[in-house]
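What follows is a set of notes on a single structure, which appears directly below.
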Amino acid sequence: MSHQVRAVVALAKNEPVVVETITVPDPGPGEALVRVEACGVCHTDLHYREGGIGDEFPYLLGHEAAGRVEAVGDGVTEVAPGDFVILNWRAVCGTCRACRRGRPWLCFATHNATQRMTRADGTPLSPALGIGAFAEKTLVAAGQCTKVDESVPATVAGLLGCGVMAGLGAALNTGNVGRGDSVAVFGCGGVGDAAVAGARLAGATTIVAVDVDDRKLDWAREFGATHVVNSRSTDPVEAIRSLTDGNGVDVAIEAVGRPETYRQAFYARDLAGTVVLVGVPTPEMTLELPLLDLFSRGGALRSSWYGDCLPSRDFPALIALHRQGRLPLDRFVSESIGIDGVEDAFGAMRRGDVLRSVVVL
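Here it is in C-alpha cells:
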C-alpha cells in the first residue's frame, strides 16, 4: 500500500517550489513511516532549491521535523507506531570504524530509507538530507527517528532536527565550552543564536555575539550574549580582544560560512584557543591564512557537522533541559505557517526577518 500526500518539491535550480501530491510507500525492512506534525524552514532547504548542494532534482524539501511514527518495517525495534519522534539526518550504522571506536557521532556510514518517494508520474524524489519532511508523511530509516517526550510541541521539538542542534552542538560538543570560558559567535541567525544559548548553558561567562544586523544582535542578547558587536561599524577582532584583557576568546564559533568571518574568528581567539566552523560554505569559497600563524597560535581548528551530536543521547537530554526552563527552544520560532507558505518563508529568511519559520502540518 502507498500513501498520497501533499508535499513541497523543488523542480529545478532557482525555480519557486511547488506543492503537489507525491507517493510515499509503506515502510520496508529497517524503515519507518512518519506522519509529520511540524518542520522548520532551514537555510539548507534553500541551498537545495538554489542548486548549492547538488543537482539531483526534483528535491523533496524539509528535514528539521518532528512527528509520530505511523508504521515500521520488519526488523525495527528502536521505535514503534505512536511514538513521538524528532527526525535526524545522521542515522548511525554502529559498525563503521568510527562507531567501533566509540565515536558514533562521527559515523562514516550513516544511512537513509532504501525505497524512494515519487512524484505522481513516478519520478523519484531526492529527499533533503535523506528526510523530505515538508510533507504530510515521509519515509525514513528507522535510525533517523529519535523518541522524545511528547509533552513538547512538535513546532519546538523539531528544531533539534537540524539548525538549533548544529549551533548548540558547536558550543557544547565540538567547541567543548566549559565553565568560565569566553566565547565569540560570528553570525546570529538560528544556528549562531543556538551556539550562544549553548555557551550560556555550558557556563561561559563572556559571550560575544557578532553580526552586521542590530536586530539579530538584540536576539542574541535574549539567548545569553553578554556583549554584542556590529562588525559593520566596529572591528570585531579588536572589540573581542578589548573584552578579554587583550587575549581573545577561548572558543570562537563561525556560524556564517564565509572566509572573511572565519579569518575574524581565527584571529579573535586566544593562544591555544579553538575555532569551530559550523556555518556552511559554498563550493567555490577558499581560505588563505599565513602558515606561521597557524603554527604559532596553536589550538584547534574544528569543523562541526550537525554539532557532533548523537541524536539518541542529545535529543532527549536537550528536550529535558527545555522542559526545565533552562533552554528556551520556543524562542527560536518566529512564525508558524502552512505548507503553502514555504516560498514566502525563504524570502523572509533572506531578509533576516525570522529566526525560524515552522511549517505546521
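Using full-length UniProt numbering, the first residue of the sequence shown is number 1, and each one after it goes up by one. Glycine is no exception: its CB is placed at the ideal position from the N, C-alpha and C atoms.
For Val140 and Leu129, the rounded distance between their alpha carbons
Rounded to whole angstroms, Leu129 to Val140 spans 10 angstroms at the Cα level.
Measuring straight from C-alpha to C-alpha, what distance separates Val41 and Gly341?
10 angstroms
Put Arg326 into one of helix, strand or coil per three-state DSSP.
coil
So for Asn176, helix, strand or coil by DSSP?
coil
Buried or exposed (CB count within 10 angstroms, at least 16 for buried), Arg323:
exposed
How far does the beta strand (DSSP E) with Glu64 in it reach, from first residue to last?
In the DSSP assignment, Glu64 falls within the beta strand (DSSP E) that extends over 64-72.
Pairwise C-alpha distance: Thr174 and Ser233:
30 angstroms
Residues bridged to Ala38 by DSSP?
When beta bridges are read from the DSSP output, Ala38 appears opposite Ala66, Val360.
I'd like the ranges of any beta strand (DSSP E) spanning at least 3 consecutive residues and lying wholly in the segment 238-266.
249-254
Coil, strand or helix - Ile86 by DSSP
strand
Of the residues Asp149, Leu60, Val72, the one placed nearest Thr123, counting alpha carbons only:
Leu60
Name the two residues that bound the continuous alpha helix (DSSP H) containing Arg6.
Here Arg6 belongs to no alpha helix (DSSP H); instead the beta strand (DSSP E) covers 2-10.
How about Val280 and Gly257: do their beta carbons lie closer than 7 angstroms?
Yes, the Cβ-Cβ distance between Val280 and Gly257 is below 7 angstroms.
Looking at C-beta atoms only, is the number of pairs between the segment 11-25 and the segment 49-59 that lie closer than 8 angstroms three or more?
Enough Cβ pairs lie closer than 8 angstroms, so yes.
Figure out for me which residue from Met285, Trp89, Thr118, Ala184 has the closest Cα to the Cα of Cys107.
Trp89
Given a cut-off of 7 angstroms, decide if Met117 and Val24 are closer than it, judged by their beta-carbon atoms.
yes
Below 8 angstroms, can you find three or more Cβ-Cβ pairs linking the segment 72-79 to the segment 27-36?
yes
Using a Cβ-Cβ cut-off of 6 angstroms (strictly less than) and excluding sequence neighbours within five positions of Ala300, which residues of its own chain qualify?
Thr274
From which residue to which residue does the alpha helix (DSSP H) around Ala154 run?
154-157
Could you spell out where the alpha helix (DSSP H) holding Asn44 opens and where it closes?
Strictly speaking, residue 44 in this sequence is Thr, with Asn absent from that position. From DSSP, the alpha helix (DSSP H) with Thr44 extends over 43-49.
So, are the CB atoms of Gly203 and Glu64 less than 7 angstroms apart?
no
What's the call for Gln264, buried or exposed, on a 16-neighbour Cβ count within 10 Å?
Here Gln264 is buried: its Cβ has 16 or more other Cβ atoms, across all protein chains shown, within 10 Å.
Using 8 angstroms as the threshold, is the segment 186-203 in touch with the segment 156-170, meaning 3 or more CB pairs across them?
Touching, per the Cβ criterion.
What is the rounded straight-line gap between the Cα of Gly224 and the Cα of Ile207?
7 angstroms
If you pair each beta-carbon of the segment 135-154 with each one of the segment 234-241, do three or more pairs fall below 8 angstroms?
no
Hey, out of Ser151, Val152, His43, whose CA is closest to Gly62's CA?
His43
Taking the CB atoms as reference points, tell me whether Val164 and Val251 lie closer together than 7 angstroms.
no
How would you call Glu260, buried or exposed, if buried means at least 16 neighbouring beta carbons within 10 angstroms?
exposed
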